[in-house]
Amino acid sequence: VQLLTTMMGETLAFAKGERRILIRRVYLHAFFEDLAEQLKPELAERGIRLELALSDRGVAHFDEEKMQRVFHNLARNAAEAIGDQGGVCRLEVDRSESGDLVLTFADDGPGVSEEIRERLFESFTTHGKKGGTGLGLAIVQSIVEDHGGSVTVDSEPGRTAFSIVLPQPQPRSRVRPEAAE
78 VQLLTTMMGE TLAFAKGERR ILIRRVYLHA FFEDLAEQLK PELAERGIRL
128 ELALSDRGVA HFDEEKMQRV FHNLARNAAE AIGDQGGVCR LEVDRSESGD
178 LVLTFADDGP GVSEEIRERL FESFTTHGKK GGTGLGLAIV QSIVEDHGGS
228 VTVDSEPGRT AFSIVLPQPQ PRSRVRPEAA E
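Read left to right, the sequence shown gives residues 78 to 258 (my numbering).
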C-alpha cells in the first residue's frame, strides 16, 4: 500500500510538472546514514545488501526530500532488476576536483540492455517489470536536472551504476582588504 501511495504521489507530481526545489545546507554524513537506514529494509526483503561509502562527509546544498526520492527510485529500480536472487547495492558519496557533489548508486544486477539504455530516462519506459510505471528514472532525471545537475548510467552484464553530479556553490573568498596605510 505504501509503495502504491508513493508511486501515485510521484506520478501526480510529475504529471503536474511540480518542479519546485528547496535547496538547503545538508550534512552529508547524517543525510546518507539516514537514507541508508530507510532503504535497507526494502532491499533486504529481496536479499540485497546496501553498502554506503562516504568519501565526503562534509556539507553540500540540495533539496533533501527530492534527493531522497531520487535514491528511493534508484533502489526500487535495482531491487526490481535484481529480483529475489539477492545481491549488493552500493551508494558512494564523493566530491569532484571542481567541488561538485558526485553520487553513485550501483548494483550487481543483470545490467540494462542497450535498446532500453537509450530510452532509460524517458517517461513510461520499462523493461518488463511487473507493476512498474516507467516513471521512476524520468523522475530521477527531472529532479537532478532541477538541481542543475546531470545523471548518467553505465551498465554491463552484472553491473549497473547511476552517477549523479550536483553542482555546489563555491565558497566565498575570505580575503579581507588590506587596511589603509
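We put the CB at the ideal spot given by N, CA and C, even for glycine.
Give the DSSP-derived three-state secondary structure of D111 in the structure shown. Here D111 sits in helix by DSSP.
Below 7 Å CB to CB, which residues in the same chain sit around H245 once its five sequence neighbours on both sides are set aside? The identity of residue 245 in the sequence shown is Gln, whereas the question assumes His. Same-chain partners within the cutoff: A137, H138, G176, D177 and L178.
Look up V189 in the DSSP assignment and say whether it is helix, strand or coil. Reduced to three states, the DSSP call for V189 is coil.
By Cβ distance, which residues of its chain are closer than 8 Å to E258, with the 5 residues on each side in sequence left out? The pLDDT assigned to E258 is 49, lower than 50, so where the model puts this residue is not dependable, and the model offers no usable value.
Any contact of the stretch 110-124 with the stretch 209-228, i.e. 3+ C-beta pairs under 8 Å? No, they do not touch.
Between D161 and I100, how many whole angstroms is the CB-CB distance? I'm expecting something under 8 Å. Actually they do not touch by this definition, with Cβ atoms about 38 Å apart.
From E199 to V147, what does the alpha carbon distance come to, in whole angstroms? The alpha-carbon atoms of E199 and V147 are separated by roughly 15 Å.
Near V189, which residues of its chain fall below 6 Å by C-beta distance, leaving aside the five closest residues on each side in sequence? Once the five neighbours on either side are set aside, the close Cβ partners of V189 are S232 and T237.
Are the beta-carbon atoms belonging to A113 and L168 less than 8 Å from one another? A contact, by the Cβ cut-off of 8 Å.
Can you tell me which of F182, E142 and F108 puts its alpha carbon nearest to the alpha carbon of E128? It is F182.
Mind checking R153: buried by the 16 CB within 10 Å criterion, or exposed? Here R153 is buried. Its C-beta has 16 or more other C-beta atoms within 10 Å.
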